[in-house]
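Asks: The structure under discussion is supplied below as structure tokens; questions concerning it will follow.
There are 2 protein chains.
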Amino acid sequence: MTIPAERDDNSAMSALEPRVVTVIGAGTIGVSWAALFLARGMRVRVHSRRPDARGAVTGALRLFAPALPGGPAEPDALAQRLEIEPDLERAVAGADVIQENVEEVIGVKRELFARIERLASREALLLSSTSTMLPDDLGADMEDSGRLVVAHPFNPPHIIPLVEIIGGQRTRQQAVEDAVKFCMSAGKSPVVLRKPIAGFAANRLQAALLRESIHLVREGIVTMAELDEVVTQSIGLRWATTGPFLAFHLGGGAGGLAHWLEHLGSGLEEGWKQLGQPAMDDATKRLLIEQADSAYGSRSYERLVTERDERQLSVLSALAAG
Amino acid sequence: MTIPAERDDNSAMSALEPRVVTVIGAGTIGVSWAALFLARGMRVRVHSRRPDARGAVTGALRLFAPALPGGPAEPDALAQRLEIEPDLERAVAGADVIQENVEEVIGVKRELFARIERLASREALLLSSTSTMLPDDLGADMEDSGRLVVAHPFNPPHIIPLVEIIGGQRTRQQAVEDAVKFCMSAGKSPVVLRKPIAGFAANRLQAALLRESIHLVREGIVTMAELDEVVTQSIGLRWATTGPFLAFHLGGGAGGLAHWLEHLGSGLEEGWKQLGQPAMDDATKRLLIEQADSAYGSRSYERLVTERDERQLSVLSALAAG
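Chains as they are written, first to last, in numbering that gives the first Met the number 0: chain A, 0 to 321; chain B, 0 to 321.
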């Protein structure tokens with residue numbers, strides 16, 4: 000469900016201007032959110048008890064500054080709107096939005112949201128970056144979890160547009176709408192799932208493709224590097240510009256999807272039966288680790304990430320200009 | 000298997016300069032190949048018995064001219080190196096490469112390759128664009144199918160780089176290497192499959208993602224348009240720049256894939272068990288057709304294809320410049 004609101008149209012959230020956003024956790028996702036929110040002009044408090052939290056966030060600001068939305072940013076200017084606050088009570092006091100990014104352990108998150116409920120403003124919107132848990136579970140220890148929404152980004156949040164928005168049985172519709180507006184004001188592309196489902200949507204699709212990728216490597220059809228080449232040179236390019244259903248619709252020619260299904264629909268189901276069901280046994284893990292090392296082991300993590308993000312930004316710029 | 004040859008390095012194929020390429024069939028794939036080969040400076044003969052074959056090819060040249068590799072082309076200039084030849088014997092006489100693109104009916108293709116064997120030069124490289132058949136089957140009625148190779152493009156061939164190259168038990172290694180060099184000289188990114196497999200690689204991956212996409216729509220998690228938005232705003236963008244295995248490797252942080260598998264490998268297998276297995280029954284087909292109509296039915300096929308190709312080219316240009 001995409002809610003047709005103008006970007007930056009936050010009339011329904013006027014209480015959020017000027018916004019204070021509290022980011023809970025200074026791991027990979029937390030620091031990327033913090034950099035994005037700062038680049039979008041928000042005041043950001045990062046709550047973390049890591050002794051190196053300030054270094055982690057300012058390091059991320061320097062690393063991400065060239066790639067932030069709106070063009071290259073000056074890390075020191077961004078940091079003027081940044082606070083690091085190891086005390087949870089002070090971190091959430093007066094915050095309009097609280098984005099949680101702690102470890103994926105249900106007990107830790109439940110206890111955290113119960114504490115936040117007692118410490119934060121009654122109006123604060125509570126968001127979780129969890130990729131695996133649902134709002135009703137996250138809010139099980141709260142008195143009222145009606146303002147708790149999952150806002151699951153795709154890594155890294157400061158670059159990839161999608162945020163999956165998931166409400167629970169106890170989530171108020173207004174909170175879901177506020178989460179959508181907040182994500183849009185941060186320049187993201189929120190998509191609301193109409194029902195909760197394990198793994199949400201994007202990670203389930205990713206798992207489906209990865210399963211067949213692992214099958215093809217295990218069967219010796221292609222190496223890992225060749226499989227990556229197959230994807231980046233065909234379906235990846237296609238899906239960056241055209242979703243799988245629109246591609247399918249256009250594959251039917253002027254007759255569209257109906258024509259395609261009539262002529263090839265049964266072949267699709269036959270093809271599904273032949274897809275692989277690899278086991279992730281020790282031999283498979285060893286094979287994958289060996290091939291990853293052979294394909295990518297000679298380049299450092301930082302270099303590969305920088306190259307990935309540069310390519311990603313150039314693609315996003317090209318699509319935005321088109 | 001990618002063979003590390005320079006693009007345009009055709010020293011081993013000097014007999015192919017200046018190249019005459021015969022394209023058999025003037026359907027969607029045939030006319031796209033013809034436009035590409037013309038844009039790359041080759042002489043092209045299109046064999047088709049369609050009375051409107053010349054119109055189909057010149058119409059395609061006009062439609063594709065703005066999007067051809069090497070920048071916008073002048074359709075009339077390209078057409079100077081084009082012949083339309085309804086007689087098979089004259090069409091293949093003296094051709095260096097013959098690219099077959101007729102209907103996906105094994106009997107039709109077998110008979111065609113047996114006739115081509117008798118009519119073409121002994122040195123001609125024989126390529127098939129089939130997406131479903133293997134070289135040994137295609138060449139079953141030939142005396143010697145050692146020079147027959149599957150060179151399966153991703154639609155449209157004049158834009159999408161990947162060509163999957165598949166040899167059979169009877170295919171000579173030299174023919175596979177020549178097919179790779181020919182595809183590179185046409186500006187494509189060939190990947191040789193190390194073993195034949197039904198559906199080859201890219202279409203199997205596509206089928207795996209489409210199956211889960213259909214599952215999510217059938218379950219009412221998202222609509223078709225929302226599913227397309229999820230993909231184009233996350234995994235599609237990612238896979239245009241970074242293959243699934245490299246993404247997976249980087250998802251493990253500095254510890255790479257080994258770290259990821261150690262901590263999350265079992266979750267991956269659990270996730271696979273929860274993926275959907277939709278039936279393509281009549282209710283599902285009706286749902287998909289209704290949603291395609293609602294999402295995309297208001298725009299014409301030509302407009303949607305033009306928009307798709309424009310976005311695709313801008314992404315390819317951005318990646319080439321990066």
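All C-beta atoms, glycine included, are put in the ideal place defined by N, C-alpha and C.
Please tell me whether Glu102(B) has its Cβ less than 7 Å away from any Cβ of chain A.
Replies: no
Asks: What residues match up with Ile328(B) in a beta bridge as DSSP calls it?
Replies: Given a span of 0 to 321 for chain B in the structure shown, any question on residue 328(B) remains unanswerable.
Asks: Report the CB separation of Gln311(B) from Leu236(A) in whole angstroms; it is logged as a contact under 8 Å.
Replies: 6 Å
Asks: Using the Cβ count rule (16 or more neighbours within 10 Å means buried), how would you classify Pro50(A)?
Replies: exposed
Asks: Could you round the C-beta distance between Gly145(A) and Ala174(A) to whole angstroms and report it? I think they count as a contact, below 8 Å.
Replies: 6 Å
Asks: Which of the three DSSP states, helix, strand or coil, is assigned to Gln173(B)?
Replies: Gln173(B) falls in the helix class under three-state DSSP.
Asks: Might you give, ordered along the chain, the residues of its own chain that have their beta carbon closer than 7 Å to the beta carbon of Gly26(B), omitting 5 neighbours on each side?
Replies: Asn100
Asks: Any idea what DSSP makes of Thr21(A), helix, strand or coil?
Replies: Strand at Thr21(A).
Asks: Buried or exposed: where does Asp308(B) fall if 16 or more other Cβ atoms within 10 Å of its Cβ makes it buried?
Replies: buried
Asks: When you compare the CB of Lys194(A) with every CB in chain B, is at least one pair closer than 7 Å?
Replies: At a cut-off of 7 Å between C-beta atoms, Lys194(A) counts as an interface residue with respect to chain B.
Asks: Is it true that the region 183 to 196 of chain A meets the region 80 to 90 of chain A, where meeting means three or more beta-carbon pairs spaced less than 8 Å apart?
Replies: no
Asks: Would you mind telling me which residues of chain B sit closer than 7 Å to Lys284(A), beta carbon to beta carbon, in chain order?
Replies: Leu260, Gly264
Asks: Going by beta carbon distance, what residues of the same chain come within less than 8 Å of Ala59(A), once the five residues before and after it are set aside?
Replies: Val30, Ser31, Ala33, Ala34
Asks: Taking a Cβ distance cut-off of 7 Å, strictly less, list which residues of the region 120 to 140 of chain B are near chain A, in chain order.
Replies: none
Asks: Please tell me whether Glu228(B) has its Cβ less than 7 Å away from any Cβ of chain A.
Replies: For Glu228(B), the answer is yes, since a Cβ of chain A falls inside 7 Å of its Cβ.
Asks: For Val314(A), which of Asp280(B), Ala239(B), Gln290(B) has the nearest alpha-carbon?
Replies: Ala239(B)
Asks: Find the residues of chain A that neighbour Ser184(B), judging by a C-beta separation of less than 8 Å, and give them in chain order.
Replies: What Ser184(B) touches in chain A, judged by beta-carbon distance under 8 Å, is nothing: the nearest beta carbon there is about 17 Å away.
Asks: Nearest chain B C-beta to His248(A) closer than 7 Å, yes or no?
Replies: Judged by the 7 Å Cβ criterion, His248(A) is in contact with chain B.
Asks: Mind pulling the chain A residues with CB within less than 8 Å of Pro243(B)?
Replies: Gln205, Leu208, Leu209, Ser212, Leu226, Asp227, Val230
Asks: Candidates Val19(A), Ser47(A), Leu161(A), Ala55(A): which alpha carbon is nearest Met41(A)'s?
Replies: Val19(A)
Asks: How about Gln168(B): is its C-beta nearer than 7 Å to some C-beta of chain A?
Replies: no
Asks: Return the CA-CA distance between Asp75(A) and Pro65(A), expressed in angstroms with no decimal places.
Replies: 13 Å
Asks: Count the other CB atoms within 10 Å of the CB of Val104(B); is the residue buried (16 or more) or exposed (fewer)?
Replies: exposed
Asks: Check Glu309(B) in the structure and name its three-state DSSP category.
Replies: helix
Asks: By DSSP, does Glu225(B) sit in helix, in strand, or in coil?
Replies: helix
Asks: Ala92(A): which of Gln273(A), Arg117(A), Ala113(A), Leu226(A) sits nearest, CA to CA?
Replies: Arg117(A)
Asks: Let's test the definition: count the other Cβ atoms within 10 Å of the Cβ of Val107(A) and tell me whether it reaches 16, buried, or not, exposed.
Replies: exposed
Asks: For Val148(A), which three-state DSSP category applies?
Replies: strand
Asks: Just to check my reading of the structure: Leu226(A) and Phe244(B) have Cβ atoms closer than 8 Å, yes? What is that Cβ distance to the nearest angstrom?
Replies: 6 Å
Asks: Go ahead and pull the three-state DSSP assignment for Leu67(A).
Replies: coil
Asks: Given this structure, state the Cα-to-Cα distance separating Asp292(A) from Thr129(A), to the nearest angstrom.
Replies: 29 Å
Asks: Which one of Ala119(A), Thr57(A), Val179(A), Gln79(A) has the shortest CA to CA distance from Arg89(A)?
Replies: Ala119(A)
Asks: Please classify Gln273(A): is it buried, with 16 or more other beta-carbons within 10 angstroms of its beta-carbon, or exposed?
Replies: exposed
Asks: Under DSSP, the alpha helix (DSSP H) around Glu324(A) begins and ends at which residues?
Replies: In this structure chain A extends from 0 to 321, so residue 324(A) is not present and cannot be described.
Asks: Suppose you measure from the CA of Val229(A) to the CA of Val229(B); what does that come to, to the nearest Å?
Replies: 21 Å
Asks: Closest by CA to Thr283(A), which one among Arg44(A), Ile213(A), Val96(A), Gln232(A)?
Replies: Checked all of Arg44(A), Ile213(A), Val96(A), Gln232(A); the closest Cα to Thr283(A) is Ile213(A).
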